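Student: Mind having a look at this structure? Questions to follow.
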Amino acid sequence: MPAIVSRPTRAFAASAAQSPLSLTSIERRDPLPGDVEIEILFCGVCHSDLHQVRNEWHNTVYPCVPGHEMVGRVTRTGTGVKKFKKGDIAAVGCLVDSCRGCPSCEEGLENYCEGTGAGPGMVFSYNGPDKHSGGHTFGGYSTSITVTEDFVLRVDPKLDPAGAAPLLCAGITTYSPLREWDVSEGTRVGVVGLGGLGHMAVKIAHALGAHVTLYTTSAGKAEDARRMGASDVVISKDASEMARNAGKQDFMVNTVSAPHDINAMLGQLRRDGTMCMVGAPDKPHPPVDMFGMIFGRRRMAGSLIGGIKETQEMLDFCAKHGIVSEIEIIPIQKINEAYERMLKSDVKYRFVIDMASLKE
Ligand code: NAP
Ligand code: ZN
Ligand code: ZN
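Going by my numbering, the first residue of the sequence shown is number 17, and it counts up by one from there.
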């Protein structure tokens, strides 16, 4: 094993669940033979960052440097790197390593790594075990990152790099279930919630040819949803609108970040329809009424981000269809304010941090 040399790197971190994020210094390793070093240009702000920073999933290790929607420029490569060279635009999402030997990894589903191979098991970009430092991984709210080339993605230079950053989590997390459930021309797809994930789901489902219905609690988002490709918008708090649309959807993607009435949503599915849950609230949803599932043989499923191969496929699909996220660019110094706005569903439709602000 070559010796590991690391250098101090600027980052924003939380030191505890109750602390705001603030400037800190972390160590990043110099590229090992298989590594790519990336200067992070833009990093999206996912609701998972907020859940994790505030320890809402009860597994956060501090200091916590969040961020898993990174687009940047390659600055250095290890001697064994073949796919990237200095100056390339490159991206990193939610995963930086996996065991590489379990059945899921062998199928390219590192996102479901079972950890039975020789490698370290699934390693998230932050809050994961870092086999190099012996500590834990740090995410994209930093000026640079070093990642094994197998987990680095290519972004078509014709996509706006800031708008492409959210594809690395919001994009793949919605693309993967839409593909898994064979959404295509004419499929009736319901998307629940128009936040970071939801607006990507609307755009991608529309590009796949689906008839998209957005379910939202925010009447003010209806026009935007239509512009993004939704044919119908249903205000989910309005019982009569929900009743009018009952039984219509073939497939639904539920992106809501808070506990809510799942039964009302399940009722929107046709017989044999599936609702895939991707939202990961810190508290359980109210009880699911089994009769709503039994009558209609409806199904509820879950899905976690996507594997590396599928993430590349999604990035290429978005380049082909000209799909990027709708973003509000912020300097890193505004991150704590951005979290508060995200909690009020006040974001159109993803905050993206301009990492140049971290050098100031
Ligand atoms: P976000 O931008 O905050 O969007 C969430 C949306 O949910 C809001 O914009 C709002 O949409 C709706 N919403 C919020 N509170 C609600 C409530 N109490 N009742 C009904 N609707 C509500 O969050 P995000 O970044 O898209 O992430 C969404 C969730 O997915 C988070 O829990 C996140 O941790 C999780 N996630 C999961 C994965 C995975 O792999 N499964 C990956 C990434 C993120 P409207 O205003 O339209 O109602
Ligand atoms: Zn995310
Ligand atoms: Zn594995």
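Every residue gets a Cβ at the ideal spot worked out from N, C-alpha and C, and that includes glycine. Keep in mind that this is a model prediction, so the values were computed, not measured.
On the three-state DSSP scale, how would you describe Glu55?
Tutor: strand
Student: Mapping DSSP to helix, strand and coil, what is Gln265?
Tutor: strand
Student: Quick check on Gly206: does DSSP put it in helix, strand or coil?
Tutor: strand
Student: Using 8 Å as the threshold, is the region 223-237 in touch with the region 201-215, meaning 3 or more CB pairs across them?
Tutor: yes
Student: Give, in chain order, every unbroken run of the beta strand (DSSP E) that is at least 3 residues long and sits entirely within the region 133-162.
Tutor: Counting only runs of 3 or more, we get nothing.
Student: Does Ala29 come out as helix, strand or coil in the three-state DSSP assignment?
Tutor: Three-state DSSP puts Ala29 in a strand.
Student: Considering only residues of the same chain and omitting the five flanking positions on each side of Gly96, which have a CB-CB separation below 7 Å?
Tutor: Excluding residues up to 5 positions away in sequence, Pro49 and Gly50 lie with their Cβ nearer than 7 Å to the Cβ of Gly96 in the same chain.
Student: Suppose you measure from the CA of Arg204 to the CA of Ile251; what does that come to, to the nearest Å?
Tutor: 17 Å
Student: What's the C-alpha gap between Asp113 and Phe100?
Tutor: When rounded, the distance between both Cα atoms is 17 Å.
Student: Leaving out five residues before and five after Asn352 in sequence, what residues of the same chain have Cβ atoms less than 8 Å from its Cβ?
Tutor: Pro36 and Leu37
Student: Alpha carbon to alpha carbon, how far is Val340 from Pro18? Give it in angstroms, no decimals.
Tutor: 39 Å
Student: State the Cα-Cα distance for the pair Cys62 and Pro177, rounded to the nearest angstrom.
Tutor: 16 Å
Student: Going by beta carbon distance, what residues of the same chain come within less than 8 Å of Phe28, once the five residues before and after it are set aside?
Tutor: Leu37, Ser38, Leu39, Thr40, Val81, Tyr157, Ser158, Ile348, Ile351 and Leu374
Student: How would you write the range of the beta strand (DSSP E) that Ala296 sits in, first residue to last?
Tutor: That residue, Ala296, is in no beta strand (DSSP E); it is neither H nor E in DSSP.
Student: Does the beta-carbon of Cys110, which I'm using as the reference point, lie nearer than 7 Å to any heavy atom of ligand 3?
Tutor: no
Student: Given 7 Å as the limit, tell me if Ser67 has its C-beta closer than that to any heavy atom belonging to ligand 2.
Tutor: The displayed chain sequence assigns His, not Ser, to residue 67. Outside the cutoff, so no.
Student: Do Val90 and Ile42 come within 8 Å of each other at the CB atom, strictly closer than that value?
Tutor: no
Student: Report the three-state DSSP secondary structure of Asp113 (helix, strand or coil).
Tutor: strand
Student: Given 8 Å as the limit, is there contact between the region 282-290 and the region 255-266, that is, 3 or more CB pairs closer than that?
Tutor: Because the criterion of three Cβ pairs below 8 Å is met, the region 282-290 and the region 255-266 touch.
Student: Please name the residue or residues paired with Asn270 in a DSSP beta bridge.
Tutor: Val208 and Met293
Student: Using 10 angstroms around the beta-carbon of Gly150, count the other beta-carbons present and answer buried if the total reaches 16, otherwise exposed.
Tutor: exposed
Student: Ligand 1 heavy atoms versus the CB of Ile339: any closer than 7 Å?
Tutor: no
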